[in-house]
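Residue 566 in my numbering is what sits at position 76 of the sequence shown, and the numbering runs on without skipping anything.
For each residue, glycine too, the CB sits at the ideal point set by N, CA and C.
So the structure is just underneath, and the comments pick up after that.
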Amino acid sequence: MDKNKKWFSATMVLVLMVVASYAVFQWQRQIRQDTENVCQICWRPVHSSMLTMGEVNGEEKRFCCPACALTTAQQTGRPVHLTRLTDLNINQPLDPKTAILVRGSDVNLDMHSQPLVDQEKRPVPVHFDRCTPSILAFRTREEAQTFQRDHGGELLQITDLKPHLVAP
């Protein structure tokens, strides 16, 4: 009987270890999935049409938008080397060197969906948001101008944002 108890105990320990390992694996997998869909700087969700990739101090970073990358460069005092922008219209990767940008339009996908309110439910004024004014990327000047006519803003190229944002 003593031998059966030892086998049962050993089997239970093994089963618990397998279950615990599986739980840890699933937890780490969920964390990886969650961090793949958020900005590595401000932790906002990354919209597929705004994904921006760049190098900061030699390390590849995912940004929620080009404006977040610009603010990062301004705050750190070091340029962000953009490696990818995303076309707002078709969600396709863009070479930062050829993209046409619209800064300061009335479209900002990174704004909070709910207004911030204080304890008395009064609106809290926003004094700083690292993702404003918005910077949106387009494949062609014509697409950017069409968007600009409807939503305002100014047309730029990546060279207009030097020394903060550069394209290798």
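Close-in-space but distant-in-sequence residues of the same chain around residue i (CB under 6 Å, 5 per side omitted)
i, result
"Arg631", "Ile590"
"Asn547", "none"
"Cys621", "Cys555, Ala557, Cys558 and Asp600"
C-beta atoms of residue i and residue j nearer than 9 Å
i, j, result
"Met540", "Glu550", "no"
"Ile484", "Thr562", "Limits of the chain in this structure are 491 at one end and 658 at the other, which puts residue 484 out of reach."
"Asp596", "His641", "yes"
"Ala510", "His571", "no"
Rounded distance between the beta-carbons of residue j and residue i, thought under 8 Å
i, j, result
"Leu646", "Leu560", "No, Leu646 and Leu560 are not in contact; Cβ-Cβ is about 11 Å, not under 8 Å."
"Val592", "Gln638", "5 Å"
"Pro569", "Ile648", "Pro569 to Ile648, Cβ: 11 Å. No contact."
Other residues of its chain near residue i: CB distance less than 8 Å, five sequence neighbours each side excluded
i, result
"Gln582", "Thr576 and Arg629"
"Leu599", "His537, Ser539, Met540, Cys555 and Ser624"
"Gln516", "none"
Other residues of its chain near residue i: CB distance less than 7 Å, five sequence neighbours each side excluded
i, result
"Leu643", "Checking the sequence shown, residue 643 turns out to be Gly, not Leu. Here the set comprises Val592, Arg593, Gly594 and Ser595."
"Cys529", "Val536, Arg552, Phe553, Cys554 and Cys558"
"Asn527", "Pro535 and Val536"
"Leu651", "Leu560"
Using 8 Å as the cut-off, can you tell me whether the region 622 to 630 makes contact with the region 574 to 587, which would need three or more C-beta pairs spanning the two stretches below that distance? yes
Threshold first: 4 residues or longer. Then list the alpha helix (DSSP H) segments lying entirely within the region 542 to 595, N to C. 556 to 566
Secondary structure, alpha helix (DSSP H): runs of 4+ residues fully inside the region 620 to 647: Runs of the alpha helix (DSSP H) inside the region 620 to 647: 631 to 641.
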